[in-house]
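In the working numbering, the protein residues as written are 1341 to 1776.
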């Protein structure tokens, strides 16, 4: 089938192919799963994004099938695709519902669709309407709403630069084409943001999306998994395919600027980590943008790629953690039941920066949440004893700290954060010692 790239079908196919998906002829599907291109064409024909996301989950909720009618248009899912590749996600056709969810997030040009007369008849329901009514309980719909909120939305309210001339011009580009041809269509202003680690934040809702992805990928192992496991199962594959960090993938059209810097340890239980962050902001009417190293950096199985991002380099002051925290309004310290944050050199470095920036005694600037298993004893912090996976990073960090203040001064300040003057539980404002 030959399609012009100016037509919705052609644009959809090009965008999906650009992200590594196959089965990009919307007339041909496979494995009883909706392809990226098919989902994109459904959107072009007027299907609402919420309904589209619901269809992506149909196999898990009510079973699949070879044919589906959506708004009078028939789609098949049991054929052999002509554009298979050697990629593990394409060798046997559509590999997972990830292809569908990406296609639903795109916004192709709308096409005029002839509506059959029967569709307007009293009591008529298409397959998608019937499926939604029968198979989707309220809880699932709520979950879908949170997933949709995570996908490529405009967030002008959270972007202080959204109304500038350059941003307005860039944001006027069709979202689909920006996804398909980023090297040609991304404006220089947006490119600068991509290179600025402060523009690698995610929303609280998107953190919930990551949690859902981790649950799906890890199955029953999720409940004992660490953030290392989430990285291996979800973040690394996604980042390596897209060539971007998680924050830039889910905010493809409009990047989010940091509001809260989240300091944590990778060995923590992932569910405990997600819950600690959610509970910290559960009473906020306007949720903040979160900078988390797991989602703000490009995760990879290649040690060189990782070290180029997190290493102290010539100076720890040039590390992405440092640059992001310098622009943060708040610091959230997420404790855990596995490892003492104050015995990790990068965590100590982040707390030292918070002290340097005057955050420690600024009301509400530093928040502490999570279990206090390591904050109930009397062991004071000794930054010189903190551990690091890279001994050279530790040497450079200690050298930098020693030029600013004595180790004892830093140890006293970090100990103050660790024990917050006797407070043990809850999310704490270090200035007022109020727990909330």
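Every residue gets a Cβ at the ideal spot worked out from N, C-alpha and C, and that includes glycine.
query	result
Does DSSP classify residue 1382 as helix, strand or coil?	helix
Taking the alpha carbon of residue 1443 as the reference point, which residue from 1363, 1661, 1584 and 1669 has its own alpha carbon closest?	1363
Quick check on residue 1353: buried or exposed, where buried means 16 or more other Cβ atoms within 10 Å of its Cβ?	buried
Cβ atoms of residue 1440 and residue 1374: under 7 Å apart, would you say?	yes
What did DSSP end up calling residue 1596 once you bin it into helix, strand or coil?	strand
So who's on the other strand from residue 1558, going by DSSP bridges?	According to DSSP, which records beta bridges pairwise, residue 1558 is partnered with nothing at all.
In chain order, what residues of the same chain lie with their CB nearer than 6 Å to the CB of residue 1618, ignoring the 5 residues before and after it?	none
Tell me residue 1605's beta-bridge partners as DSSP assigns them.	DSSP output for residue 1605 lists no bridge partner at all.
For residue 1633, I'd like the list of residues in its chain whose CB is within less than 7 Å of its CB, leaving aside the five on either flank, ordered along the chain.	1661
Note down, in chain order, each residue of its chain lying with its Cβ closer than 6 Å to the Cβ of residue 1586, except the 5 sequence neighbours on either side.	1575 and 1635
I believe residue 1627 touches residue 1544 by the beta-carbon criterion, under 8 Å. Please report the beta-carbon distance rounded to the nearest angstrom.	4 Å
For residue 1670, name the three-state secondary structure that DSSP assigns.	strand
Find out if the Cβ-Cβ distance for the pair residue 1857, residue 1693 is shorter than 7 Å.	Shown here, the chain extends from 1341 to 1776; a query on residue 1857 therefore has no answer.
Would residue 1681 and residue 1699 be called neighbours here (beta carbons separated by less than 7 Å)?	no
Is the beta carbon of residue 1722 sitting closer than 7 Å to the one on residue 1676?	no
According to DSSP, simplified to helix, strand and coil, what is residue 1677?	coil
By the 10 Å Cβ neighbour count, where 16 or more other Cβ atoms means buried, how is residue 1764 classified, buried or exposed?	For residue 1764, the pLDDT reaches just 41, beneath the cut-off of 50, and the residue's location in the model is therefore unreliable, although a value from the coordinates is still provided. Residue 1764 is exposed by the Cβ-count criterion.
Quick one: what does DSSP say residue 1367 is sitting in, helix, strand or coil?	coil
Can the beta-carbon of residue 1595 be found less than 7 Å from the beta-carbon of residue 1539?	yes
Please state the DSSP three-state secondary structure of residue 1477.	Reliability fails at residue 1477, whose pLDDT of 40 lies under 50, so the model's placement of it is uncertain and the value that follows must be treated cautiously. In this structure, residue 1477 counts as coil in the three-state DSSP scheme.
So is residue 1398 in contact with chain C if we call contact Cβ pairs under 7 Å?	Included in the structure is just one protein chain, with no chain C present.
Is residue 1591 helix, strand or coil when you go by DSSP?	coil
Over what stretch of residues does the beta strand (DSSP E) that includes residue 1708 continue unbroken?	1706-1709
In chain order, what residues of the same chain lie with their CB nearer than 7 Å to the CB of residue 1588, ignoring the 5 residues before and after it?	1534, 1540 and 1595
What's the C-alpha gap between residue 1522 and residue 1707?	Confidence in residue 1522 is poor, its pLDDT being 43 and thus under 50, which makes the residue's placement too unreliable to answer from.
For residue 1541, which residues does DSSP report across the bridge?	1596
In terms of DSSP beta bridges, what is residue 1415 paired with?	1408
Among all the DSSP beta bridges, which residues are the ones paired with residue 1373?	1370
Which same chain residues end up closer than 6 Å to residue 1599 when comparing Cβ atoms and leaving out the 5 residues on each side of it in sequence?	1628, 1629 and 1669
Over the uninterrupted beta strand (DSSP E) stretch that includes residue 1630, give me the two end residues.	1629-1631
Along the chain, where does the alpha helix (DSSP H) containing residue 1359 start, and where does it finish?	Counting along the chain, residue 1359 falls outside any alpha helix (DSSP H), and DSSP gives it neither H nor E.
Could you check if residue 1383 is buried or exposed, using at least 16 other CB atoms within 10 Å of its CB as the buried criterion?	buried
Is it buried or exposed, residue 1366, if we count other Cβ atoms within 10 angstroms and call 16 or more buried?	buried
Beta-carbon separation of residue 1421 and residue 1381 under 7 Å?	no
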